[in-house]
Structure formats: structure tokens, C-alpha cells
Amino acid sequence: LAASLGFTEVMGRHVPTFIQQNDHEGLTRLVGHLLAIRVGSGFLAGVFYWAVTATWLHDLDFWAKGILALAVWVRAPAGLFYALHLGLNRAARWGIADILRQLSTVLLMLPGYLWGGLRGAALGVLIGEVVVLLVGWVGVRAYARGLRLHLDFSGMAPYLRFGLVFYFGALILAAFERSGEAVVRLGGGDYAEVGYFGVAHSAFLTGAVGIPQIAIALAPLLTMLRFEGNQTTVRLWMERLLKWLALGSMIVILGAVLLARHMVPFVFGSAYQPVAANLIPMAM
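Residue numbers (the working numbering): 1209 to 1492.
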């Protein structure tokens, strides 16, 4: 997340404009600049990750932390390739990255752990990120011919300003979303309460993550319509999006109120019954 810099939103907003203008050279130049920045930010994020984990989690395997730091670096440019798919109005291909990462967890991380413990699991994560990177590159190589990594900030101010708005918003959300277990523990709760919160929070994130994904997936379409001056259709699509998100949210809330106390013991076991009470405010 720290290496993302909001470039997914930049791609979704600005790449369709280059496509509409048939400006392949301008698109390649933009991608080259953003990729160079992303490689640099990914390197810094990897170094920061390693420094924090080496200082804080000093009892864990040294090489495992180094391998995961390298995976952080590899993930940064990979994310940009998939963001380019989004800008090209290929939302389905943009989402392939998450699917590949989930598969790599099963196919690579688990066997890696059985083979080499924590270090092997970390190596599985790194290999999975490399696979994601290669698949992303193959998918956009037709739009990246002549691509050069050139760290040049001239003319990049409008793109960076746009991306940083979303970037800081994502950092604030992450700070709140990832601190819940620590707050419960510091507040005097035992680890059972931390676990109850964690399960409810994971269920919340499963639904919450999909909301911005749906909205961002429509960004290229709305950008093209706006570029064509078709404000009426833009307004119609936004109204549809808001209506269906509102409807879906109400179904989730009602589901939590009516079904949580029955479903939680069925899915997680009777020991997790207190999770049902946590699901209702999280759904709201």
C-alpha cells in the first residue's frame, strides 16, 4: 500500500483520455514515468518494511523478512501493469492479480511452509508475486512497446496530485482498519476478545473491499463519457451505482441482524458466538 501512490486511480482516470485521442506515444511516456516512480517507491517501501520488521519482530527468521521485503518491491511495478488494464477498460483483467495471489497462497506458500518453514512460506509469496508480475507484463506489452524507465517529474504534477488524494485516503483507511486488534488488546481485552473482533472484522473487509473495486472499475467508462461531453449518461450511471450499492448495503445489514446469530456458530463453531454481536455494527 505504501508504494501504491494512488496510481491505480490515475490510470483509471487518465489512460482512457490517451486512448480516445489515439496518443500512443503520450500513453507510453506516462506509463514509463509512473513505472519508474513506482519501482523507486517500491524499493523504499521494501527497505522500510525490512527495517521495521527487523527491529520489531527480531525473533523471526532474518532471511524470511528479507524475502518478504523483496516481494514488496516486486509487487509495486506489478500493480501498475494491472492498473493499466483498468485504464484500458479491462476491469476483469485488472482483478486477475488478486485471484493469482490467492491461488499462489495455496499452490506456493503452503508447500513452501511444509518444505522450509517460515522461510519457505516467504519464498512462496515472492515466487507468487513474480508470477503476478510476469502475467501483468504479458497482458499490457502491446501498449508498452518502447517503454523506458525514466524518473522525470516534469509535467507529472497533475497526475501525482490526483493520485495522492486517493493515496492519503487509502493510508488513513488502512491505519483505522489494521489497528482494531491492537486497540482491543491495549484496551484490556484478552486474546479471545481480539479473536472475536478479528473474525468479525475479516467478514466486514470481505464485503467492504468490493465497494471501491466496483466504483473504480466504472471509472474508465465514466471518463470516456465525460470526454465525449455526455453528461446525461454519466449522471445516469452514477445514479445506478448509488442505488445498487445502497440496496446491497441494506441487504448486508438485514442479513447481519437476522442471520448472524445462526450463521456464525454454523461457520466458525459455537465458541465464536460473540462474533455475531460484532457483525451488526460492522455491517452498519
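Virtual Cβ for every residue (Gly too), placed ideally from N, Cα, C.
- prompt: Taking the Cβ atom as the reference point for each residue, do W1281 and G1254 lie within a distance shorter than 8 Å?
  reply: At a Cβ-Cβ threshold of 8 Å, W1281 and G1254 count as neighbours.
query: Cα separation between L1288 and F1226?
result: Roughly 17 Å separates the two Cα atoms.
Check: Which term fits W1258, buried or exposed, when burial requires 16 or more other beta carbons within 10 angstroms of its beta carbon?
Finding: W1258 should be labelled buried.
Cα separation between E1447 and W1323?
52 Å
Measuring CB to CB, does V1407 end up less than 8 Å from E1389? no
Could you compute how far the alpha carbon of A1485 sits from the alpha carbon of F1412? If I take the Cα positions, the gap works out to 13 Å.
DSSP three-state assignment for L1318, whether helix, strand or coil
Helix.
Below 6 Å CB to CB, which residues in the same chain sit around T1313 once its five sequence neighbours on both sides are set aside?
none
| query | Enumerated in chain order, which unbroken segments of the alpha helix (DSSP H) with a length of 4 residues or greater are wholly contained in the stretch 1286 to 1352? | reply | 1299 to 1302, 1304 to 1312 and 1318 to 1348
### R1221 versus M1432, V1475, Q1439 and G1418, residue with shortest Cα-Cα distance
M1432
Closest to V1340 by C-alpha separation, out of L1311, P1319, G1325 and I1488, would be which residue?
V1340 has its Cα closest to that of L1311, out of L1311, P1319, G1325 and I1488.
List the endpoints of the continuous alpha helix (DSSP H) containing E1233. Per DSSP, E1233 is one residue of the alpha helix (DSSP H) stretching across H1232 to W1264.
Would you kindly check if the distance between the Cβ of Y1375 and the Cβ of S1212 is under 8 Å?
yes
At a cut of 8 Å, does the stretch 1234 to 1245 reach the stretch 1269 to 1283 through at least three beta carbon pairs? no
Which complete alpha helix (DSSP H) runs does the stretch 1408 to 1492 hold, if anything under 4 residues is left out? 1418 to 1425, 1427 to 1435, 1439 to 1476 and 1483 to 1491
Using 8 Å as the threshold, is the stretch 1470 to 1482 in touch with the stretch 1440 to 1458, meaning 3 or more CB pairs across them?
no
Exercise for review: Would you please state the rounded distance, in angstroms, between the beta carbons of I1488 and A1464? I believe it to be under 8 Å.
Suggested key: Between the beta-carbon of I1488 and that of A1464 there is about 5 Å, and that keeps the pair under the 8 Å contact cut.
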